[in-house]
Every structure is written in structure tokens, then in C-alpha cells.
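Using UniProt numbering, the first residue of the sequence shown is number 1, and each one after it goes up by one.
Cβ coordinates follow ideal geometry from the N, Cα and C atoms, glycine included.
Model, not experiment: these values are computed from the prediction.
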Amino acid sequence: MKYFILFVFFLISIEIHAQLNDFKNINFTKADSIAKLYNGENLKNLPMLTYNLTINLETDVEKFRAIYSWICMNIKADYYMYKRINSARKRHKKDSIAYAIWNKNYSKKVFKRLLNNKKTMCTGYAYLLKVMTNLINIECKIVNGYVRNSSSNVLTLENPNHSWNAVKINNKWYLADATLSSGYLDLNNNAFVFDYNDGYFLQNPLIYSKTHYPFKKKWFLIDNNSKSKNNFTENPIVYGGAFKYGIYPTKSLKLNNDVSKNYSCFINFHTSKTINPKKLKLKVNEGNEVLNLKLDIQNSSQIAIKHQFKKTGKFDIHLYYNNEIITSSTFNVLE
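Pasting the structure below:
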């Protein structure tokens with residue numbers, strides 16, 4: 001640790017908390033239990049399935065939750081469909097019209113496989129959530145655009161690659177992403193793994209704005225500089241852990257940051273949930289060496305880490321919480 005001096009302190013700030021706080025008095029246990037009760041049901045009769053999931057629930061948000069939970073527990077991402085769609089995206093990378101035509105024709109197979117096998121990709125998840133929610137007269141839209149992670153749309157938004165949903169509850173719009181909530185594709189074993197992440201359910205749009213870029217900018221649901229594609233791709237890489245724990249970088253932290261040697265820079269994060277500071281860890285990659293820096297902090301809505309680099313070079317900074325990666329960025333340290 002001889003190259004680093006780390007100081008941690010807090011900034012008192014007023015931050016918009018996760019939209020789920022609008023429903024902090026709602027207990028979703030009943031909705032989730034009903035979803036589990038109908039685990040394994042097929043999609044042959046969507047109106048009946050939707051009725052069974054929602055008839056004994058009182059509020060619209062509980063009804064939406066039951067549908068959302070059921071989809072996340074029962075629909076699998078399709079590895080072979082993923083490969084085919086990914087191949088088509090690469091093939092039509094420079095011809096968006098050709099890809100749109102291909103996608104429209106392929107969508108028929110997507111929905112057929114969804115209904116018959118309960119396997120699909122993001123468009124199928126978003127479509128099913130929309131249809132079932134609309135059946136109970138709750139307005140729900142499919143949002144198309146880009147999702148950004150460590151391997152897709154990192155520097156430029158080249159490939160439209162994702163669909164998610166906007167739902168209107170109590171005359172207010174919220175965001176939800178059943179695809180990313182449900183689990184992940186294990187590309188090593190060519191299989192889907194159910195691994196529910198509740199963080200994508202009605203999460204703070206500020207966190208969504210770090211990873212999701214909609215074609216129609218109104219679906220950001222906020223006014224901020226992420227509406228520019230260039231500003232969006234300047235954001236650090238943000239992972240599912242940020243949604244799960246409500247920890248995300250502020251505007252000041254970029255994907256690539258230039259700082260001077262011996263200059264004290266600030267690495268800032270918002271927290272929209274209560275966290276245990278002992279579970280926070282900052283890792284700094286220095287060449288092949290990883291330095292684990294333990295943080296001794298208290299809970300706050302904004303965490304500011306004052307960091308001083310003692311030598312020049314390029315350093316990768318990773319924030320972890322509960323041993324799950326939250327965000328990554330790079331610091332170029334100059335003389």
C-alpha cells in the first residue's frame with residue numbers, strides 16, 4: 001500500500017431515492033408467494049394465468065409484482081437464440097435497416113418459442129410483461145434501446161441490444177427489467193442460471209441511466225446529461241450489484257479519468273439504500289497486483305473517497321460491496 005494514501009469522509013446530500021420507496025409501506029410477500037404457487041404453469045392461457053396471479057391482490061403495484069416475479073422465476077433466457085441474435089447484430093452492424101428487417105422476421109420464432117418452451121431473450125421478457133400487465137388494465141410499454149456492460153456498447157453505442165419496460169402505477173411511470181432480474185447466461189456451460197436480482201424492479205431511474213439508453217429519451221424518466229450518447233458512454237461500467245444494493249457512481253466519476261500524480265482526486269458514489277460500510281471494498285489494479293483497501297466509513301447517501309496516486313500509469317478502480325462488483329473505471333495518472 002505504499003503508493004496510496006486513502007481518506008474517506010462523507011458529504012451530506014439530498015439524493016433521489018429508489019422509486020421503490022414510493023411503495024415502502026407495501027409488503028410484497030403475498031405477491032411473491034402467489035407467484036411461487038403458480039410456478040411451472042404454462043403460457044397457453046395468459047388471461048387465466050394473469051387472473052390467478054392477481055385476483056387476490058389489492059393494489060396495482062402488488063399485481064404488477066406478482067406478474068413480474070412469476071416471469072422472472074419461470075422464463076429462461078435462450079442461449080442458442082442469444083447466439084443467433086448476436087450473430088445477426090454483428091452481421092448487420094453497419095446496416096440498421098437490414099437488421100430491423102431481419103429482427104422483425106425472426107420475432108415470430110422468438111414468440112413461438114416463448115409460448116411453447118418458456119425460453120426467449122429480452123424482447124420476449126418485455127413483451128410478456130407488457131401483455132400480462134395490460135390484461136389487468138395497467139399501462140405498460142416496451143422500451144427498446146441499448147444496455148451497456150463490460151463487453152457491449154462500451155465506448156460507442158453501436159448495437160441496439162436490449163428491451164425493458166416502463167409501467168404506469170398510480171399515474172407515475174417506473175422502470176423494470178425482467179430479463180436482467182431473472183438471472184444470467186452461463187456462456188461456459190451454454191445454459192441459463194436463475195439468479196433473481198430484485199434491484200431491477202422499479203429501481204431509481206438514475207441507476208438505470210448508467211446502463212440503459214432508450215431510443216425514446218423520455219423513457220430515461222429523468223433530466224440529466226446521460227441523454228447524450230457521448231455522455232452516456234463516458235459513464236463507468238456499472239454492474240448488476242449496483243442495482244441490487246443501490247450503490248452507483250455520481251456524475252463526477254467517468255469511465256476514463258485523467259489525474260495528476262500526487263493530486264488528491266475524489267471517487268464519489270450515491271447510496272439509495274441502507275448499506276453496511278464494512279462490506280464495502282475498493283480494489284486498485286496496479287499492473288498485475290491488486291491492492292485491497294479496507295474502508296472504515298459510516299452510512300450516508302453519498303460517499304466520497306479521497307484518493308492520492310503516488311506514481312504515474314494507468315490504474316483500474318473497482319468498487320465491491322458484499323464481494324459483488326458494483327462499478328469499474330480507469331484512472332490515467334500523469335506527471
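Opposing strand residues paired with residue i [DSSP bridges]
i, result
"GLU324", "TYR321"
"ALA77", "THR120"
"THR330", "ASN256 and ASP316"
"ILE237", "SER328"
"PHE23", "DSSP output for PHE23 lists no bridge partner at all."
"PRO214", "GLY145"
"LEU280", "TYR321"
"PHE201", "ALA176"
Where the alpha helix (DSSP H) containing residue i begins and where it ends
i, result
"ILE207", "205-211"
"TRP70", "60-74"
"VAL259", "From DSSP, VAL259 is part of no alpha helix (DSSP H) but of the beta strand (DSSP E) over 256-260."
"TYR51", "46-54"
"LEU37", "29-37"
"THR233", "229-233"
Cut-off 6 Å between Cβ atoms - residues of its own chain near residue i, not counting five sequence neighbours on either side
i, result
"GLY63", "The sequence given here places Lys at residue 63; Gly does not occur at that position. These residues qualify, in order along the chain: THR54, LEU57 and ILE136."
"MET81", "MET121"
"SER182", "CYS72"
"PHE194", "GLY183"
"SER163", "CYS122, THR123, ALA126, ILE142 and ASN144"
"LYS217", "LYS227"
"SER264", "LYS306 and GLN308"
"PHE23", "VAL61"
"ARG91", "none"
Residue i vs residue j beta-carbon contact at 8 Å
i, j, result
"THR327", "PRO277", "no"
"PHE220", "PRO236", "no"
"LYS76", "PHE192", "yes"
"TYR213", "ILE275", "no"
"VAL143", "ASN116", "no"
"THR50", "ILE67", "yes"
"THR233", "LEU157", "yes"
"LYS202", "TYR174", "At residue 202 the sequence reads Leu, which differs from the Lys that was named. Cβ atoms of LEU202 and TYR174: closer than 8 Å."
"ASN171", "ASP60", "no"
"LYS119", "ASP78", "yes"
"ASN149", "CYS140", "no"
"LEU255", "THR179", "no"
"ASN268", "GLN302", "yes"
"ARG65", "ALA31", "yes"
"ASP177", "TYR196", "no"
"SER151", "ASN159", "no"
"ASN21", "TYR38", "no"
"LEU114", "LEU128", "yes"
Neighbourhood of residue i by C-beta, 7 Å cutoff - its chain only, sequence neighbours within 5 removed
i, result
"GLY313", "VAL333"
"VAL147", "ASN161, HIS162, THR211 and HIS212"
"ILE222", "PRO205, LEU206 and SER209"
"ILE26", "THR59, VAL61 and GLU62"
"ASP316", "ASN285, SER328 and THR330"
"SER69", "ALA31, ASP32 and ALA35"
"GLU41", "LEU49"
Boundaries of the beta strand (DSSP E) in which residue i is found, first to last residue
i, result
"ILE267", "264-271"
"TYR248", "247-249"
"ILE305", "302-309"
"ASP195", "Neither: ASP195 is in no beta strand (DSSP E) and is coded neither H nor E."
"GLY183", "183-186"
Neighbourhood of residue i by C-beta distance below 8 Å, restricted to the same chain and skipping five residues each side
i, result
"LYS112", "none"
"ILE325", "TYR239, GLY241, HIS318 and LEU319"
"GLU335", "SER260, LYS261 and THR312"
"VAL131", "LEU46"
"ILE138", "ASP60, LYS63, PHE64, VAL167, LYS168 and ILE169"
"LEU185", "ALA77, TYR79, TYR82, ALA191, PHE192 and VAL193"
"VAL110", "MET81, THR120, MET121, THR123 and GLY124"
"LEU187", "TYR79"
Taking the runs of the beta strand (DSSP E) that are 3 residues or longer, which of them lie wholly in the UniProt domain "Transglutaminase-like" (114-180)? 140-147, 162-169 and 172-176
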